[in-house]
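What follows is a single structure, written as structure tokens, with notes after it.
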Amino acid sequence: MLSGDTFRLWAISDAHVGTDIQHGRKSLSEAILHSENGGDDVGQSFDWDICVNLGDFTGSQFPPDDEEGKLVVEQYSVSSKHPREHFYDVIGNHDATRHGDNPIQWWFRKWLDPTGANTKF
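Residues 79 to 199, numbered by the working numbering, are exactly what the sequence shown covers, in order.
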């Protein structure tokens, strides 16, 4: 965690959780575990204070659904060294809901919960 005057930002993107899982890959949780624990295949772990996830949680050409949202929440939960509040999410172009969906960007608001309004998920 934060030590002295050093602030360590980890930026990630394009986890494509819903499409990668179809190929047996838990891309978001694997990245988190590698950062925290390292491993023989991935090198050393590294320290960070916050993670900014720049989006594209889905790799689909269609808006994500609740099943994909559950996968994102599940994969974030593997972190043992950082609470969920250390991950800041930005919506990616693939994560957007369809034009006319109401409420606007419902999936991102529900599952990534940038305002803390949907903590039950």
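Cβ coordinates follow ideal geometry from the N, Cα and C atoms, glycine included.
Excluding the 5 residues preceding and the 5 following residue i in the sequence, name in chain order all residues of the same chain whose CB lies nearer than 6 Å to its CB.
| i | result |
| --- | --- |
| L132 | S91, V168 |
| V120 | H112 |
Based on the DSSP secondary-structure assignment, which residues constitute the bridge partners of residue i?
| i | result |
| --- | --- |
| Y166 | V130 |
| L87 | I128 |
| G137 | DSSP, once it has assigned bridges, lists no residue as partnering G137. |
From residue i to residue j, what distance separates their C-alpha atoms?
| i | j | result |
| --- | --- | --- |
| W185 | Q100 | 20 Å |
| D173 | I128 | 21 Å |
| K148 | T97 | 13 Å |
| T175 | F124 | 34 Å |
| P161 | W88 | 14 Å |
| P171 | D134 | Here residue 171 turns out to be Asn, not Pro, going by the sequence shown. Straight-line Cα distance between these residues: approximately 6 Å. |
| N196 | R187 | 8 Å |
| G178 | G102 | 33 Å |
| S138 | H94 | 8 Å |
Report the CB separation of residue i from residue j in whole angstroms; it is logged as a contact under 8 Å.
| i | j | result |
| --- | --- | --- |
| W189 | V150 | 6 Å |
Which same chain residues, not among the five before or five after residue i, have their C-beta less than 7 Å away from its C-beta?
| i | result |
| --- | --- |
| K159 | E114 |
Spatial neighbours of residue i within its chain, please: C-beta separation below 8 Å, excluding the five flanking residues on both sides.
| i | result |
| --- | --- |
| Y154 | L106, S107, I110, R162, F165 |
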